[in-house]
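Working notes, beginning with the structure itself.
There are 2 protein chains.
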Amino acid sequence: MTKSLKLGVAGLGTVGTSLIELLATHRDRLANLGSTVDVVAVSARSKDKHRAIAETAGVTWFDDPIALARDPAIDVFVELIGGEDGVAKEAVEAALNAGKHVVTANKALLAKHGVALAQLAEEKGVALNFEAAVAGGIPVIKTLRESLAANSVRRVYGILNGTCNYILSTMTDEKRSFGDALKEAQDLGYAEADPTFDIGGFDTAHKLAILASLAFGTEINFDEIDVEGIQSITDADIEAAEDMGYCIKLLGVATQTDSGIEMRVNPAMVPEESAIAEVWGATNGVAIDSDFCGSLLLVGPGAGGKATASSVAGDIVDIARGIILPPLMRKAASLTPCVRSKLGSHQGAYYVRLSVYDRPGTMAAIAKHMGDRDISIESMVQGQMRAGVPGAEARTKVRGAPAPVRIITHETTEEAIRQAVEAIEQDGKVSERPQVIRIEKLG
Amino acid sequence: MTKSLKLGVAGLGTVGTSLIELLATHRDRLANLGSTVDVVAVSARSKDKHRAIAETAGVTWFDDPIALARDPAIDVFVELIGGEDGVAKEAVEAALNAGKHVVTANKALLAKHGVALAQLAEEKGVALNFEAAVAGGIPVIKTLRESLAANSVRRVYGILNGTCNYILSTMTDEKRSFGDALKEAQDLGYAEADPTFDIGGFDTAHKLAILASLAFGTEINFDEIDVEGIQSITDADIEAAEDMGYCIKLLGVATQTDSGIEMRVNPAMVPEESAIAEVWGATNGVAIDSDFCGSLLLVGPGAGGKATASSVAGDIVDIARGIILPPLMRKAASLTPCVRSKLGSHQGAYYVRLSVYDRPGTMAAIAKHMGDRDISIESMVQGQMRAGVPGAEARTKVRGAPAPVRIITHETTEEAIRQAVEAIEQDGKVSERPQVIRIEKLG
Chain R
1 MTKSLKLGVA GLGTVGTSLI ELLATHRDRL ANLGSTVDVV AVSARSKDKH
51 RAIAETAGVT WFDDPIALAR DPAIDVFVEL IGGEDGVAKE AVEAALNAGK
101 HVVTANKALL AKHGVALAQL AEEKGVALNF EAAVAGGIPV IKTLRESLAA
151 NSVRRVYGIL NGTCNYILST MTDEKRSFGD ALKEAQDLGY AEADPTFDIG
201 GFDTAHKLAI LASLAFGTEI NFDEIDVEGI QSITDADIEA AEDMGYCIKL
251 LGVATQTDSG IEMRVNPAMV PEESAIAEVW GATNGVAIDS DFCGSLLLVG
301 PGAGGKATAS SVAGDIVDIA RGIILPPLMR KAASLTPCVR SKLGSHQGAY
351 YVRLSVYDRP GTMAAIAKHM GDRDISIESM VQGQMRAGVP GAEARTKVRG
401 APAPVRIITH ETTEEAIRQA VEAIEQDGKV SERPQVIRIE KLG
Chain W
1 MTKSLKLGVA GLGTVGTSLI ELLATHRDRL ANLGSTVDVV AVSARSKDKH
51 RAIAETAGVT WFDDPIALAR DPAIDVFVEL IGGEDGVAKE AVEAALNAGK
101 HVVTANKALL AKHGVALAQL AEEKGVALNF EAAVAGGIPV IKTLRESLAA
151 NSVRRVYGIL NGTCNYILST MTDEKRSFGD ALKEAQDLGY AEADPTFDIG
201 GFDTAHKLAI LASLAFGTEI NFDEIDVEGI QSITDADIEA AEDMGYCIKL
251 LGVATQTDSG IEMRVNPAMV PEESAIAEVW GATNGVAIDS DFCGSLLLVG
301 PGAGGKATAS SVAGDIVDIA RGIILPPLMR KAASLTPCVR SKLGSHQGAY
351 YVRLSVYDRP GTMAAIAKHM GDRDISIESM VQGQMRAGVP GAEARTKVRG
401 APAPVRIITH ETTEEAIRQA VEAIEQDGKV SERPQVIRIE KLG
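Sequence order for the protein chains is R and W. Heads up, the final residue of the first sequence is numbered 443 in full-length UniProt numbering, and it's a clean run with no missing numbers. Heads up, the final residue of the second sequence is numbered 443 in full-length UniProt numbering, and it's a clean run with no missing numbers.
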């Protein structure tokens, strides 16, 4: 006899409705894999909006998702409400306490309470699955938790926010300004009316916090991530990157260093010929460097109802098949604290864009500030660089007005570059805040 | 108390010795995940060569891998012998019959006997895991079997042979001939002394046969794959591809069509800006297009002892965690026959390179043969195309001697293009066999 798995789904936005569509479309497929999957209870903000689902035979409507989470009729509670606290947290706790498996797409909840929830799931002997919480349809949680279980991970990084990648792609492809590209993303529904959470890098940081825990066996620690968004990226930076053979991407990067875990979210220049540079538009890409497997890169849809529902459904199939693992791979109690690497210990090359007053001696002064901190300069160009003619347009500008200077350094430390840029600013030779972008060494 | 999983490892080549290194390196890590993993029996061709392993305390040496497979002391038989028949097959059957789990990296064995072995494993209630058999360290088997279980897959394709990709990459990057690049690959140990199996596309076809079964729920059917290798690719083709914004890759492609499954291995032109075009050197890339998840691309090391051992170890960890699934995702008895799509039904654009005798009316005759079969021509260029100057070098050649003609068609059928090319050949206007390369539509 085929088993049957009973779901309660809280939240009927794009992911929730796509999940219900998927389960209907693939009913026979799932039965053939060993278990039918039935939605027997739902909850959402507006019953009117979801009357068709609410009034389906065999489906119970709950106004209160916490009551749904405790419903004796369900085996699995699917949390698609969102939010790091409040009702989502209470409902997930209620479900786990009632001995239900939980599947969630809620990265904010996990970034803040993931360890405690994982521990609760372990105590109750149930699953807490969250493939959909990071990078939409990309199976990165399963890859870290299962495929790479016998590897020591050195670094995990990626393009984890489709909105930012869409904006940067539009700026690059269509030579549009940041403001223009953001407005288009909002018009297309890729960006929220208040886009701070996405473009400020916080959404990426939530996902990175979860990935780092799985990668390094450390507690989830969102607060130890240095977060920088894409708001300051200008078309001049995009052009400079192109001229030098790079693309600008918003990366989340977590690295195991000698002094601890370095976690940061920042715009970065990646080589044009790297595979991650070809991750365009709303697509996500996650790379994992480990000792035996080497470098893996997973690319796919980072958001969208259908792709996210695919990951939720994969988590449900695991439960139907009896695959119940510790949510964070190791037992939650055995996770070690996430110790931050020494401040300023990041090493790498940097791109620095300055807007300098064009006076005699300025370039020499800038170069000296760099040299004083042992920063070796790979290239330093004044003026525009388009079409492979460095400085060509510099001649047409008004003498004495601010002119762009672009510097590429050899490998140095974050500390040194910050100090040098501060010294340059204090000289009063720059007309605006210097732009500093990391050049990411890949592979 | 921590459980202990006892392994018998048959075959101590690069993968076997890397596996033993991995298990030693990550002994504590695996114990923390819930089970120690101990190699208690080994077998290989030469005991002398592996004396250190053979004489390790607690390890029993077997001259006969079939006897090892039946050893009551082991829980899991790890088959790293290779070969589609003979001792590898007998040993795997012996292990399954004795109720042992099996982990294998043997694609040839699975391509030929996978369904029967899967059925045997199901009957015995044991695992038959083979992540390492396809694309080395890339977790494509787990992604298809688990993550995408609730999706209908439309197409799976990829760069599945590192040797071929290394040769094509070297030809592209260093403007080397096929023969030169092959020799280098052999010198570096990437290619066998007899490279037919790799460069003829058969290794790719073995892997594709396995992927297609998982993707479409069909029996493994290696015989229904159209296989074409990279032997005929010349530097002229590589140059033409670059000039037109493409790269040449050896792809394995399996597509669900209305009339059945189309499975083929062939050199293909892929757009330079596609992510799979950035899969260089010995790296592999596998893409999966499915109805809810959309397009996923997994990139990583396709071969090498360490990466392959990582996949073998992942399979072992699954067994230690009690994850035992039907090897081919569905019950082997429920797989449907792999019906080949209608002959000639492949649709796509084509690149055709002809070496034509330069006589009046030749181009018109070629164009007419195309037009007669409703093939619409996107571009047709006589002579060299380097540096964006089509035909520039044609002027310097001897009048009447053969000259290259490159044609790009719009979408047409395989049948039409084959007929047109045959007609052109029969006219006696070409000095050598025409080259036909598919232009692959991605995404």
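C-beta: ideal position from N, C-alpha, C; glycine also. Since this is a predicted model, take the numbers as computed values, not measurements.
Kindly say whether residue i, judged by its beta-carbon, lies nearer than 8 Å to any beta-carbon of chain W.
i: R:I248; result: no
i: R:A133; result: no
i: R:P32; result: For clarity, residue 32 of chain R is Asn in the given sequence; the question names Pro instead. For R:N32, the answer is yes, since a Cβ of chain W falls inside 8 Å of its Cβ.
i: R:G11; result: no
i: R:E146; result: yes
i: residue 450 of chain R; result: Past the boundaries of the shown model lies residue 450 of chain R; chain R is included only from 1 to 443, so the question cannot be answered.
i: R:L5; result: no
i: R:P390; result: With a pLDDT of 47 at R:P390, under the threshold of 50, the predicted position of this residue should be treated as unreliable, though the coordinate-derived value follows. No - not a single Cβ of chain W is within 8 Å of the one on R:P390.
i: R:L22; result: yes
Would DSSP call residue i helix, strand or coil?
i: R:N32; result: helix
i: R:N165; result: helix
i: R:L250; result: strand
i: W:E378; result: strand
i: W:H26; result: coil
i: W:K175; result: coil
i: R:Q419; result: helix
i: W:I159; result: strand
i: R:V102; result: strand
i: R:L297; result: strand
i: W:M363; result: helix
i: R:P195; result: coil
i: R:A58; result: What sits at residue 58 of chain R in the sequence shown is Gly, not Ala. Coil, per DSSP.
Closest Cβ-Cβ distance between residue i and chain R: below 8 Å?
i: W:G294; result: yes
i: W:H369; result: no
i: W:A335; result: The identity of residue 335 of chain W in the sequence shown is Leu, whereas the question assumes Ala. With 8 Å as the cut-off, W:L335 does not count as an interface residue toward chain R.
i: W:S274; result: yes
i: W:I238; result: no
i: W:I323; result: yes
i: W:V279; result: yes
i: W:R264; result: no
i: W:R330; result: yes
If you count every other CB in all the chains shown that lies within 10 Å of the CB of residue i, and 16 or more means buried, which is it?
i: R:Y357; result: exposed
i: R:H410; result: exposed
i: W:P301; result: buried
i: W:R395; result: Unreliable placement is indicated for W:R395, whose pLDDT of 46 sits below 50; the coordinate value is still reported in the next sentence. W:R395 should be labelled exposed.
i: W:L335; result: buried
i: W:L128; result: buried
i: R:L354; result: buried
i: W:Q426; result: exposed
i: R:L188; result: exposed
i: R:E432; result: exposed
i: R:G371; result: exposed
i: W:I437; result: buried
i: W:R45; result: exposed
Can you tell me the Cβ-Cβ gap for residue i and residue j, rounded? I've got them flagged as a contact below 8 Å.
i: R:V153; j: R:I288; result: 6 Å
i: R:I377; j: R:I407; result: 6 Å
i: R:G314; j: W:L148; result: 7 Å
i: W:K6; j: W:A73; result: 6 Å
i: W:G348; j: W:K441; result: 6 Å
i: R:G229; j: R:I199; result: 5 Å
i: R:L208; j: R:M263; result: 6 Å
- Give the residues from the region 94-117 of chain W that approach chain R closer than 8 Å (Cβ to any Cβ), ordered along the chain. Answer set for the region 94-117 of chain W: empty.
What residues from the region 136-165 of chain R come within 8 Å of chain W, judged by C-beta to C-beta, listed N to C? Per Cβ criterion, the list reads G137, I138, P139, K142, T143, E146, S147, L148, A149, A150, N151 and S152.
Contacting positions in the region 289-318 of chain W - beta carbon closer than 7 Å to chain R: Flagged, chain order: F292, C293, G294, S295, L296, L297, L298, V299, G300, P301, K306, A307, A309, S310, A313, G314, V317 and D318.
**Asked** According to a CB-to-CB cut-off of less than 7 Å, which residues of the region 213-229 of chain W neighbour chain R?
**Response** Cβ contacts with chain R come from no residue of the region 213-229 of chain W.
Exercise. Using a Cβ-Cβ cut-off of less than 8 Å, list which residues of the region 177-190 of chain W approach chain R; keep chain order.
Key: Taking 8 Å as the Cβ-Cβ cut-off against chain R, none of the residues of the region 177-190 of chain W qualify.
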